[in-house]
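Q: Protein chains in written order, with our numbering: chain A, 952 to 1604; chain B, 952 to 1604.
Ideal Cβ placement from N, Cα and C applies to all residues, glycine included.
Protein chains: 2
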Amino acid sequence: MEVSSLSYAEIKLLANVLRGLSIDQVESANSGHPGLPLGCADIVAVLFCKFLRFNPKNSKWPLRDRFVLSAGHGSALLYSALALFTDFLSIEDLKSFRKLGSGLAGHPESHLLEGVEATTGPLGQGVANSVGLALAAKLYGARNPNFTGYRVFCLCSDGDLMEGISYEACSLAGFLGLDNLILMYDDNKISLAGPTSVCFTEDVAARFRAFGWEVYTANGHDYREIDEAFQKVLNSGVAAPKLIIFRTEIGYCSPKANTHEVHGSPLGKDNVKVTKINLGLDLEEFYVPQSVVELVSQVKAQKLKQASYIGSESSFVYPMVADITFEEFVRYALEITSPEKGYKDASRNTGSKMLEYLASKDQSIVGGSADLEPSTKAYLKGSSDINSSNFLGRNIRFGVREHAMAGIANGLALSGFFKPFVSTFLCFLDYLKPSLRLSALSELPVLYIFTHDSVFLGEDGPTHQPIEHLSHLRSIPNLVTFRPSNPVECAYAYWWWHKSKSKPCVIILSRQSFDQSFYDKDLTHLENGYSKLISCEKPLLTVISTGSEVEVAFRAIKQLGRDDIDLFSVFSFELLLEKSGSLRDIFQSQKIVFVEASSLPSSVKLFLGAMNKTFYFYGIETFGASGSDKDLAEYFGFTPDKFARFLKDILEI
Amino acid sequence: MEVSSLSYAEIKLLANVLRGLSIDQVESANSGHPGLPLGCADIVAVLFCKFLRFNPKNSKWPLRDRFVLSAGHGSALLYSALALFTDFLSIEDLKSFRKLGSGLAGHPESHLLEGVEATTGPLGQGVANSVGLALAAKLYGARNPNFTGYRVFCLCSDGDLMEGISYEACSLAGFLGLDNLILMYDDNKISLAGPTSVCFTEDVAARFRAFGWEVYTANGHDYREIDEAFQKVLNSGVAAPKLIIFRTEIGYCSPKANTHEVHGSPLGKDNVKVTKINLGLDLEEFYVPQSVVELVSQVKAQKLKQASYIGSESSFVYPMVADITFEEFVRYALEITSPEKGYKDASRNTGSKMLEYLASKDQSIVGGSADLEPSTKAYLKGSSDINSSNFLGRNIRFGVREHAMAGIANGLALSGFFKPFVSTFLCFLDYLKPSLRLSALSELPVLYIFTHDSVFLGEDGPTHQPIEHLSHLRSIPNLVTFRPSNPVECAYAYWWWHKSKSKPCVIILSRQSFDQSFYDKDLTHLENGYSKLISCEKPLLTVISTGSEVEVAFRAIKQLGRDDIDLFSVFSFELLLEKSGSLRDIFQSQKIVFVEASSLPSSVKLFLGAMNKTFYFYGIETFGASGSDKDLAEYFGFTPDKFARFLKDILEI
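1. Measuring straight from C-alpha to C-alpha, what distance separates A/ARG1404 and B/ASN967?
2. What does A/THR1168 reach in chain B if we use C-beta pairs closer than 9 Å?
3. Please tell me whether B/LEU1003 and B/PHE1018 are closer than 8 Å, where the distance is taken between their beta carbons.
4. Return helix, strand or coil for B/ILE994, following the three-state DSSP convention.
5. Do you know offhand how far B/GLU1547's Cα is from B/THR1497's?
6. For chain B, find out if any of its Cβ atoms is closer than 8 Å to the Cβ of A/VAL1555; answer yes or no.
7. Which runs of the alpha helix (DSSP H), 4 residues or longer, sit entirely within the segment 1101-1161 of chain B?
8. Counting only Cβ pairs nearer than 8 Å, list the residues of chain A close to B/HIS1415.
9. Below 7 Å CB to CB, which residues in the same chain sit around B/ASN1170 once its five sequence neighbours on both sides are set aside?
10. Going by DSSP in three states, B/SER1298 sits in which element: helix, strand or coil?
11. What is the DSSP secondary structure of B/PHE1349, counted as helix, strand or coil?
12. Within this structure, are the beta carbons of A/LEU1526 and A/GLU1572 separated by less than 8 Å?
13. Where does A/THR1375 fall in DSSP's three states?
14. What three-state label does DSSP hand A/MET952 in the structure shown?
15. Using the Cα positions of B/ALA1191 and B/ARG1102, report the straight-line distance between them to the nearest angstrom.
16. Taking the alpha-carbon of A/SER1436 as reference, which of A/LYS1332, A/LEU1557 and A/THR1288 has the nearest alpha-carbon?
17. Taking one C-beta from the segment 1393-1403 of chain A and one from the segment 1452-1462 of chain A each time, how about it: are there three or more such pairs within less than 8 Å?
18. Who are the near neighbours of A/ALA1093 in its chain, counting only those whose CB is closer than 6 Å to its CB and skipping five residues on each side?
19. From the DSSP output, which residues share a beta bridge with A/ARG1017?
20. Mapping DSSP to helix, strand and coil, what is A/ALA1169?
21. Could you check if B/LEU1430 is buried or exposed, using at least 16 other CB atoms within 10 Å of its CB as the buried criterion?
22. When DSSP builds the beta bridges, which residues end up paired with B/CYS1456?
23. By DSSP, does A/ASP1471 sit in helix, in strand, or in coil?
24. Closer than 8 Å by beta-carbon distance: list the chain A residues that pair up with B/LEU1551, in chain order.
25. Please confirm if the segment 1071-1088 of chain B is in contact with the segment 1415-1428 of chain B, defined as three or more CB-CB distances below 8 Å between the two stretches.
26. Can you look up B/ARG1094 in the DSSP assignment and give me helix, strand or coil?
27. In this structure, how does DSSP classify B/ILE1601 when only helix, strand and coil are distinguished?
28. Mind checking the segment 1316-1327 of chain B against chain A and listing, in chain order, the residues whose C-beta falls within less than 8 Å of any C-beta there?
29. Quick one: list the residues of chain C neighbouring B/TYR1586, beta-carbon separation under 8 Å, in chain order.
30. Can you find at least 3 beta carbon pairs, one from the segment 1139-1155 of chain A and one from the segment 1053-1063 of chain A, that sit closer than 8 Å?
31. Name the one or two DSSP bridge partners that A/VAL1317 has.
32. Identify each residue in the segment 1132-1162 of chain A for which the Cβ-Cβ distance to at least one residue of chain B is less than 7 Å, and report them in chain order.
33. Is there a C-beta anywhere in chain B that falls below 8 Å from the one on A/GLY983?
34. Quick one: using the 10 Å Cβ neighbour count with 16 as the cut-off for buried, is A/MET952 buried or exposed?
35. Does any residue of chain A bring its CB to less than 8 Å from the CB of B/GLY1262?
36. Against A/LEU1392, what residues of chain B qualify as contacts under a CB-to-CB distance less than 9 Å, listed in chain order?
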């Protein structure tokens, strides 16, 4: 069922129309990247006509092959292909390229446009997403014998292959033996700023072989070579991912071919004209000749037939996902922790229990850690490790590859089959941030479990101690952060993730043990992201805290023995902001103290200073230090004594 | 001059004392990593005794070889070696390991302790630092024929080699042909969470050969093999970096040898005892037998002699650095931009001129971009590109390797010879953040130039548009951020970097053109990080803005035609916070509006809400969008009209 009836000459016609449509998009937007579309149209045309399994009428067909454009700057080519080969997009739509309100974003966005399999543009991400997508097919296939799987075709540039994330992801893909992953490298020897010879001279084929991949090469403008490369790859039978190095010419057939100027700037009217003449295209903008329309109809009809032959969604079952009510979840949390009896533990342990419980109910949960399983405790003990001979496992051993971990998790989520979690230390959020940002932008409900959440992790010192990370996370749009201070809040955080369909979330947990026995009996507060832990009639001062610092605040207030201070644990500021109508309903006092072992942006600190006597922040302004958590608590002022003194001073102002 | 008089048996005695001192440190701190020190002591002992050139009395000797422990969790071994082989540290000092106030931090910190060449711990960083250090020797040697250079010996773990940054850095090192770089891979087949066979099975030797490196292997516990490997490497004569794969046993000679449990937890008293017996060591803590003291004296004497033979600082000259006064700089800035005549340009172009000017005065400035030279404009036009046959150049073509770029810049700064700048888009700060954090933590005056600083970069869309990045940067300790709105502020930012000795800084610049013609004639304000652009007698409302949004604010206020609104460009909040005694001297009105195309942390937004009617933030809460900068300005409300309407509403409250 792979064979298309089109001749190479016919496919070439289509390829050139893809080229024309792509440069017309760039020209009409007066912005964009003509280089890759001109260079890769032949490869993409052969792929779409002869090899890629897709349903032109259903972008969600679960068995479709995934085409991921990791070199997202070539978006115009992807949109051209979707407009030509599917019903998701019309030729007319192409005119909205890069314009406000259009789904044809500057770089492809999966949540904006049908047929876009991954949000790409930040280089290397699509490669990691593809590893995740390919892994998802393997995992799902192991669980559902009726699921015949799909292949992932990822088109990447030299920029993608220079990025660290691509090495990490490809090294892991080699370990996993993902033979359904086909990476198509657009080897045009030119990057944005010049020839790759100025800095990128590694032997890419040897590198991929070192990772355990099979490597093929082909001239990306020779149809026989392209065709044969795909056939060899798809028939290799070796349980390894495949790289095809396509030697291409950037800006092919344009006057700027083979220069870096054609990478990312419009060709200009005159050059467009010359290019179209070189390609034998009509000069009219966005023009598709009738002969091509007919060829495309043939292709679409064949694809539809192939899709219905291969199977539909109904031929296999999704993993069992039990719907858990929040009441159940809280009941469980209270049962296993018994806060009433004085529950004291690290919140990473509390979180671990919640994850285990959730995973026992929801079989679509898979995930792992970047070589920190014993520390983050985010490991499904009842399940095995995933490897090339065990795709039935649920634990992914990512290795010390935080960035690929998050990029692969995005791919797992994009597959539609799995709900992934990942974990590392909060400080190492920095290593994976570009992918986390894309979880948020692409509306993927990935769970990030970050433990060792403050200087109180102790002796490992400032290189491992987060300071700016909470402010950083809370500034990212479409991301929900949780820093629970007790099992009930922790349960809520995991339950929220269980329910989330389009937002990633971060659960932030401590390494050190603390008293988690205070909680708010009024569970209705939870959906607003807070617990009221000390309540008083007429508060003069409100203390707000999160995570392990809640205990410090609680003890400080109790020590003062006053009845005009109330205490809130705001375990999710995003929920509170979203849900509460009036914040004054919650904070009724004139003075507010926010205590947390983190920093605020200097911009904000400036204004806090200007608004003295109403709002105080009790945090940490410097990097951490190496020492025991007790010594550090003294040093940074996070003891009940020191914080009580601070509160007293404020009350006396 | 490489030969030591010690026999293998004698060096082994020293190695075992290093082991004993290391596990004693971990035991006394009840925290730390015994696995690597036990595994690598033989390699380190041979290196220090026979090959490493150092001056035991002068940690700053410029010609010393650099020993970088990229696997920073093995810090106890580094401290043991410093205590044994140098005067920088005493055996007594080792007792303060990982205790508050000690220079013996959990992971080594270069600014805290003499003899620590780089701050390591976050994995992969030391590898990139080493590339920078090795490059610095090459660059400096090309400039100073009398400078005989140094070698960089970097000890790394499998964790280091799994991290993307190490691939990026090693790929570039291969391109640069850094034959003075020797990477020693502690191949013990065990990482924190288990055997590397669970996820890291790539052929490391083949990978490095693909990068253009020479690769050697040796048994890391066989003295003859270790010795011969170093000799081969140092005599190879091939202009390529070298990898030695040392096959070792983690936790060597301890009861937990060859398990992941020995990686990062104290052995425990009983196991320490058994280990010491296995090693033939005295059981007393921190014990160095007299025989070893005498051997060490021999080594130190030889090293001193070698150092004085090789040469001292005075035998070569530092690059010429002219001291530029701020007045000169501003005069230049005003001259070439003529704001009085209406200067309108992208601030990336303004910044580019300042960088060129500074670099013409300070020859120690070198740097580059992550394949975005044509976009960030951070390129020294009068200088050539650096490559293996041209170390006289000043432009480093980093390729699309942001993370390695920043890590290498840290290495260049650590060398003491160069003042590096790097550049990329602000959004891709995310790709290099772990290294930027270490610039700040290690007090390295690296300049980060981030352009394309807001949604107003336009059509490239949300994947490229920073939102949370300003809040993120401003939350990082010991980092100064600048977002200038005119040539004078821009000049100040570059001048500040020129003067900086121990703080990195970030200069944030626009892609789009804007009116940069307003500036504050009172230049004394600049050192406080602000310009007063509209002044009034009795302000009712103060508007604060930064960068390109200053123009919007300026026009909005002028449009309102009122004389009770003043306007400040706060181009550096850190400077303002640090320098100003009372913020009320600056902001005299009751209401403050902060307008900037960025987001604030949700925690802060909550409190702003609670303090309504005094402070308002006019920013962006969502991701950006693809479109022209004009359309985006309308959409996000950043036009003079829309902002004027907002101000009017506030004034009417």
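A: Per the coordinate set shown:
1. Working through the first sequence from its first residue, we reach residue 1404 of chain A at position 453. Working through the second sequence from its first residue, we reach residue 967 of chain B at position 16. Note that residue 1404 of chain A is Asp in the sequence shown here, rather than Arg. Whole-angstrom Cα-Cα distance: 37 Å.
2. As a working note, residue 1168 of chain A is residue 217 in the first sequence. Within 9 Å Cβ-Cβ: nothing; A/THR1168 doesn't reach chain B, min ~15 Å.
3. Taking the first residue of the second sequence as 1, we reach residue 1003 of chain B at position 52. Taking the first residue of the second sequence as 1, we reach residue 1018 of chain B at position 67. It is a contact, given that the beta carbons lie within the stated cut-off.
4. Taking the second sequence and counting its residues from 1, one reaches residue 994 of chain B at position 43. Correct three-state label for B/ILE994: helix.
5. Walking along the second sequence from the start, residue 1547 of chain B turns up at place 596. Walking along the second sequence from the start, residue 1497 of chain B turns up at place 546. If you take the alpha carbons of B/GLU1547 and B/THR1497, they lie about 6 Å apart.
6. Counting from 1 along the first sequence, the entry for residue 1555 of chain A is found at position 604. At least one chain B Cβ lies under 8 Å of A/VAL1555.
7. 1109-1113, 1115-1127 and 1155-1161
8. Counting from 1 along the second sequence, the entry for residue 1415 of chain B is found at position 464. Those are GLY1057, HIS1058, GLY1072 and PRO1073, listed as they occur along chain A.
9. Position 219 of the second sequence holds residue 1170 of chain B. Here the set comprises GLU1176 and ARG1198.
10. The count along the second sequence starts at 1 and reaches residue 1298 of chain B at position 347. Note: B/SER1298 maps to helix in three-state DSSP.
11. In the second sequence, counting from the first residue as 1, residue 1349 of chain B sits at position 398. Residue state, collapsed to three classes: coil.
12. Looking up residue 1526 of chain A in the first sequence gives position 575. Looking up residue 1572 of chain A in the first sequence gives position 621. The answer is no: Cβ separation not under 8 Å.
13. On the first sequence, position 424 is the one that residue 1375 of chain A refers to. Strand at A/THR1375.
14. In the first sequence, residue 952 of chain A corresponds to position 1, counting from 1. Here A/MET952 scores only 49 on pLDDT, less than 50, and its place in the model is too uncertain to base an answer on.
15. Indexing the second sequence from 1 puts residue 1191 of chain B at position 240. Indexing the second sequence from 1 puts residue 1102 of chain B at position 151. Spanning the two alpha carbons is a distance of roughly 13 Å.
16. Mapped onto the first sequence, residue 1436 of chain A falls at position 485. Taking only the C-alpha atoms, the option nearest A/SER1436 is A/THR1288.
17. yes
18. For the purposes of this step, residue 1093 of chain A is taken as residue 142 along the first sequence, with counting starting at 1. So the qualifying residues of the chain are PHE1342 and LEU1343.
19. Locating residue 1017 of chain A in the first sequence gives position 66, counting from the first residue. BP columns for A/ARG1017 point to A/VAL1103.
20. Position 218 of the first sequence, counting from 1, holds the residue named residue 1169 of chain A. Reduced to three states, the DSSP call for A/ALA1169 is strand.
21. Counting from one through the second sequence, the residue named residue 1430 of chain B turns up at place 479. Flag for B/LEU1430 reads buried.
22. For the purposes of this step, residue 1456 of chain B is taken as the residue at position 505 of the second sequence. Paired residue(s): B/LEU1398 and B/VAL1431.
23. Locating residue 1471 of chain A in the first sequence gives position 520, counting from the first residue. Correct three-state label for A/ASP1471: coil.
24. If you number the second sequence from 1, residue 1551 of chain B lands on position 600. Within 8 Å Cβ-Cβ: SER1426, PRO1552, SER1554 and VAL1555.
25. no
26. As a first step, residue 1094 of chain B must be located in the second sequence, where it is residue number 143. B/ARG1094: helix per DSSP, three-state reduction.
27. By 1-based counting over the second sequence, the position of residue 1601 of chain B is 650. Here B/ILE1601 sits in helix by DSSP.
28. SER1320, ASP1322, LEU1323, GLU1324, PRO1325 and SER1326
29. Absence of chain C from the displayed structure is noted, the protein chains being A and B.
30. no
31. Within the first sequence, the letter at position 366 stands for residue 1317 of chain A. For A/VAL1317, which the question treats as bridged, DSSP gives the partners A/PRO1371.
32. SER1142, LEU1143, ALA1144, VAL1149, CYS1150, PHE1151, THR1152, GLU1153, ASP1154, ALA1157, ARG1158, ARG1160, ALA1161 and PHE1162
33. As a working note, residue 983 of chain A is residue 32 in the first sequence. It does: the Cβ of A/GLY983 has a partner Cβ on chain B nearer than 8 Å.
34. Here residue 952 of chain A refers to the residue found at position 1 of the first sequence. Its pLDDT being 49, under 50, A/MET952 is placed unreliably in this model, and the value from its coordinates should be taken loosely. Label assigned to A/MET952: exposed.
35. In the second sequence, the residue the question calls residue 1262 of chain B occupies position 311. So no, B/GLY1262 is outside the interface.
36. Counting from one through the first sequence, the residue named residue 1392 of chain A turns up at place 441. Those are PRO1413, THR1414 and PHE1574, listed as they occur along chain B.
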